[in-house]
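J.: Shown below is the structure under consideration.
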Amino acid sequence: MDCTKLVNKVIYDREKIREKKPLIHHITNYITANDSANITLSIGASPVMVDNPAEIKEIIQMADALVLNIGSLSSGQEGVCLKAVELANKRDIPVILDPVGAGAISIRKELVISLLSDYKINIIKGNLAEIKSIIDIPTSVKGVDSEDTMGGAGEAARELAWKYNTITVITGKQDFISDGQSIVIIDNGVPLLAMVTGTGCMTASLIGAFSAVEGGSLYAAVGGVLTMGIAGQLAARQAVGPGMLRYKLIDEVYHINENKYKKLAQISF
Amino acid sequence: MDCTKLVNKVIYDREKIREKKPLIHHITNYITANDSANITLSIGASPVMVDNPAEIKEIIQMADALVLNIGSLSSGQEGVCLKAVELANKRDIPVILDPVGAGAISIRKELVISLLSDYKINIIKGNLAEIKSIIDIPTSVKGVDSEDTMGGAGEAARELAWKYNTITVITGKQDFISDGQSIVIIDNGVPLLAMVTGTGCMTASLIGAFSAVEGGSLYAAVGGVLTMGIAGQLAARQAVGPGMLRYKLIDEVYHINENKYKKLAQISF
Amino acid sequence: MDCTKLVNKVIYDREKIREKKPLIHHITNYITANDSANITLSIGASPVMVDNPAEIKEIIQMADALVLNIGSLSSGQEGVCLKAVELANKRDIPVILDPVGAGAISIRKELVISLLSDYKINIIKGNLAEIKSIIDIPTSVKGVDSEDTMGGAGEAARELAWKYNTITVITGKQDFISDGQSIVIIDNGVPLLAMVTGTGCMTASLIGAFSAVEGGSLYAAVGGVLTMGIAGQLAARQAVGPGMLRYKLIDEVYHINENKYKKLAQISF
């Protein structure tokens, strides 16, 4: 892979999102659903949040991608997740899985492993504790946040991707993306981002938007993560605190452009 | 009708809201509930969000209006909606229905038609795809967002209002309000508003507040839509993006006044 | 008690929160969950929101405090509340109860009384209508908001605290805190705060963070209430309206420091 080529692909795909305005179906948590919807709009896609078992079939018929976030999993939602992924696989639309809390809560870990084993998950995006937990690497975890430094992240991303034939994204101080072979590292993150809840969920929404317009999940993962990283960096420069950062993030995603991608992207392999 | 008279009525009612501080009971979705609550406070009313079947009876006894939004309808909520409207009708308090997704999801459309057929719905407020779908006019729809230009909006608003003896509001590039005979057009909207999720839900909350203080639903619909339109216009002038717009909207609703209504209202018939 | 000593304790505990980064488990409502999570992060703690009965056991094993908010109580959540408090009591971690709506809705009042009677609730924090209602003092109430002036607040706080062997916090124009004997009054509130939904919920989250690092619930209550009061005061100075106030609050909690506590604290007995 080549850094310039990757950035050019992201720029191209971002224009495609604005043109096509893909519908991104979210099954997500009530804590960050509003931010996920707003960031989806900001990148130029159209969000829909539907998790009623009686409704998802119709929505998935229209959807261009499915973002599955298990951050407030209720008993009912488990079945809905499986059903939604099954329907998405049938239509061959990309599925992005955000395994929130899989590092801390055993039924979430089990659900994630079921999903990865029995269905096509195009991209899984978690923090280091979540990803390590799924492939049974010991880790330290605190609720839904990872306490890890990024040690072993590249290898963990590669291992999970290889094992389940998917793209793995690990977000944190640095972001790691792997297809099971290569590892892409994106280094645009800023510490203040960790003070805002839902930045991971928002990244998954952006990945969902990118996945809905192009042919390769690795590019979609890079597109979503890079957009979040650059927007976060620009937002943090102006924000006096995490409250301001939260709304600036949305504005910076809305105003991202070719020039910013080219100038700011920190990608290595 | 007369434009100046309408604006004066809105100004008068807005003062009444501040004096009376009516309680606006919401049964609504988890994605935009926070914005709905905050905009209700900003106009001077008091929001309450209760959807537990065991609790709604007590709340409706105190409520001055009921705003029903089916944007995250769960199986349980269907029964709650019917029960809530029945109780609201018994007490003769205004009911505002936001048929989110009725253009895309058949069980939502069915629920909306049941509500309109079997109960008194004072005001229904949706986008063009939702309203057309309810009266079986073919339309294009994308999830919960309408893809339509505003073609045929006036007629659709009039037809639904006439058929179900209600007031219909269609929001979009322009806003159309009809009582089944006249059509009021409000043209204060700005494109950036479409980049913020929940502006429709917030408009319904404002309509709910206006409906709780005066005698005619048409005036309440105009009051809510006009307030949102002017606040949106003023907010968009200052906002660098949709993140900022979201909070500025709340501030502008809070600071709306006689002068702004008179100077900015764009109403035609 | 002594005012300077109290403020110094708050300053010390706030540093402890940053060092320890305690995990604050919330069972809370969908309307204000995002703000609760973000304010928890801003003070330096780590939020987790889990209310699935199958998941709470694992989370409470890791948690440093439990914040229970019944603002969108569903039938399922009742059982979860009881279970969560039982588990928290077993582990002897502090439990903060926010009895949202207990002044208006009888099943909420009953649940709160059960919790207070049968379990250890370290701190209960409500508005005046809620607290009075729990100890059967007649009051006026409007939905989930209190209409009371603060008349009788000190006595009500003391009575409830004494009766149930807990710490009572009553928030409003002034804030009252009692351990059943002394009454602490904090007078940093500003009227604009009442125009933002969820400030009470956010205060409970802050109290939760303070309760997780020190040995006395009275200090934790003072810490949370004082932090919210000072942050609110500083935020209101800059905010042009309630929309801006909402995000400034988060920023001001993030930037609170020794100097601001010492200079601005308005505490009396």
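First to last, the sequence lines map onto chains A, B and C.
Under my numbering, think of the first position of the first sequence as 1, with each following residue one higher.
Under my numbering, think of the first position of the second sequence as 1001, with each following residue one higher.
Under my numbering, think of the first position of the third sequence as 2001, with each following residue one higher.
We put the CB at the ideal spot given by N, CA and C, even for glycine.
When Cβ atoms are compared, which residues of the segment 1032 to 1055 of chain B fall closer than 8 Å to chain C?
T.: Residues A1033, N1034, A1037, N1038, L1041, S1042, S1046, P1047, V1048, M1049, V1050, D1051, N1052, P1053, A1054, E1055.
J.: As a quick exercise: from C:L2206, C:L2128, C:G2215, pick the residue whose alpha carbon is nearest that of F2176 (chain C).
T.: For F2176 (chain C), the closest alpha carbon among the candidates C:L2206, C:L2128, C:G2215 is that of C:L2128.
J.: Step through the CB atoms of chain A and report whether any lies within less than 9 Å of the CB of D2175 (chain C).
T.: no
J.: Would you say N2069 (chain C) reaches chain B, if we count a Cβ-Cβ gap shorter than 9 Å as a contact?
T.: Not a single CB atom of chain B sits nearer than 9 Å to the CB of N2069 (chain C).
J.: Would you check if the distance between the CB atom of A2236 (chain C) and the CB atom of V2190 (chain C) is smaller than 9 Å?
T.: Going by C-beta atoms, A2236 (chain C) is nearer than 9 Å to V2190 (chain C).
J.: Given this structure, state the Cα-to-Cα distance separating G2224 (chain C) from E130 (chain A), to the nearest angstrom.
T.: 31 Å
J.: For the alpha helix (DSSP H) containing M62 (chain A), list its first residue and its last residue.
T.: 56 to 62
J.: Could you name each continuous alpha helix (DSSP H) segment of 4 residues or more that falls completely within the segment 125 to 180 of chain A, going from the start of the chain to the end?
T.: 128 to 134, 153 to 164
J.: Against chain B, does S2106 (chain C) count as a neighbour if the rule is that its beta carbon must be under 9 Å from one of theirs?
T.: yes
J.: Run down chain A in chain order and give the residues with a C-beta less than 9 Å from the C-beta of L2249 (chain C).
T.: G243
J.: For V1080 (chain B) and E1086 (chain B), what's the separation of their Cα atoms in angstroms?
T.: Between V1080 (chain B) and E1086 (chain B), the alpha-carbon positions lie close to 10 Å from each other.
J.: Near L2234 (chain C), what residues of its chain come up, given a Cβ to Cβ distance below 6 Å and the 5 sequence neighbours on each side ignored?
T.: E2252
J.: Are there 16 or more other CB atoms within 10 angstroms of the CB of C3 (chain A), so buried, or fewer, so exposed?
T.: exposed
J.: Near I2093 (chain C), which residues of its chain fall below 7 Å by C-beta distance, leaving aside the five closest residues on each side in sequence?
T.: A2063, D2064, A2065, L2066
J.: Just by C-beta distance, which residues in the segment 107 to 118 of chain A are closer than 7 Å to chain C?
T.: I107
J.: DSSP beta-bridge partners for D2098 (chain C)?
T.: C:N2069
J.: Apply the 10 Å Cβ neighbour rule to G1151 (chain B) and answer buried if 16 or more other Cβ atoms are within range, or exposed otherwise.
T.: exposed
J.: Residues of chain B with a CB under 8 Å from the CB of T2197 (chain C): which are they?
T.: N1034, A1037, N1038, L1041, P1047
J.: Out of C:S2117, C:N2122, C:T2149, which one is the CA nearest neighbour of I2135 (chain C)?
T.: C:S2117
J.: Just the chain A side, please: which residues come within less than 8 Å of E2058 (chain C) by C-beta, in chain order?
T.: A104, I105, S106
J.: Helix, strand or coil: which one does DSSP assign to H2255 (chain C)?
T.: helix
J.: CA-CA distance, P284 (chain A) and L2068 (chain C)?
T.: No statement about residue 284 (chain A) is possible, as the shown extent of chain A runs from 1 to 269 and does not include it.
J.: Using a Cβ-Cβ cut-off of 9 Å, state whether I18 (chain A) counts as contacting chain C.
T.: The identity of residue 18 (chain A) in the sequence shown is Arg, whereas the question assumes Ile. R18 (chain A) does not count as touching chain C.
J.: Mind checking which residues open and close the beta strand (DSSP E) that includes S2046 (chain C)?
T.: 2046 to 2049
J.: To the nearest angstrom, how far is the alpha carbon of D2098 (chain C) from that of E2110 (chain C)?
T.: 14 Å
J.: With a threshold of 9 Å between beta carbons, is M62 (chain A) in contact with chain B?
T.: yes
J.: Quick check: I1024 (chain B) and S1205 (chain B), are their CB atoms within less than 9 Å of each other?
T.: yes
J.: Using the rule of at least 16 other Cβ atoms within 10 Å of the residue's Cβ for burial, across every protein chain shown, is N2122 (chain C) buried or exposed?
T.: buried
J.: Can you tell me which of the three DSSP states S1182 (chain B) falls into?
T.: coil
J.: Counting Cβ pairs closer than 8 Å, one from the segment 2005 to 2016 of chain C and one from the segment 2212 to 2232 of chain C, do we hit at least three?
T.: Result yes; three or more Cβ-Cβ pairs closer than 8 Å.
J.: Over what stretch of residues does the beta strand (DSSP E) that includes I1121 (chain B) continue unbroken?
T.: Taken as a continuous stretch (DSSP letters only), I1121 (chain B) belongs to no beta strand (DSSP E), as it is neither H nor E.
J.: So, A2084 (chain C) versus I2170 (chain C), is the Cβ gap smaller than 9 Å?
T.: Not closer than 9 Å, so no.
J.: Is the beta carbon of A1104 (chain B) less than 9 Å from the beta carbon of V112 (chain A)?
T.: No, they are not a contact pair.
J.: Under a three-way DSSP split, which group does I1093 (chain B) fall into?
T.: The answer is coil: DSSP assigns I1093 (chain B) none of H, G, I, E or B.
J.: What does the Cβ neighbour count give for G215 (chain A), buried or exposed, with the cut at 16 atoms within 10 Å?
T.: With fewer than 16 Cβ atoms within 10 Å of its Cβ, G215 (chain A) is classed as exposed.
J.: Report, in whole angstroms, the separation of the C-beta atoms of T1168 (chain B) and A1157 (chain B), which I expect to be a contact under 8 Å.
T.: 4 Å
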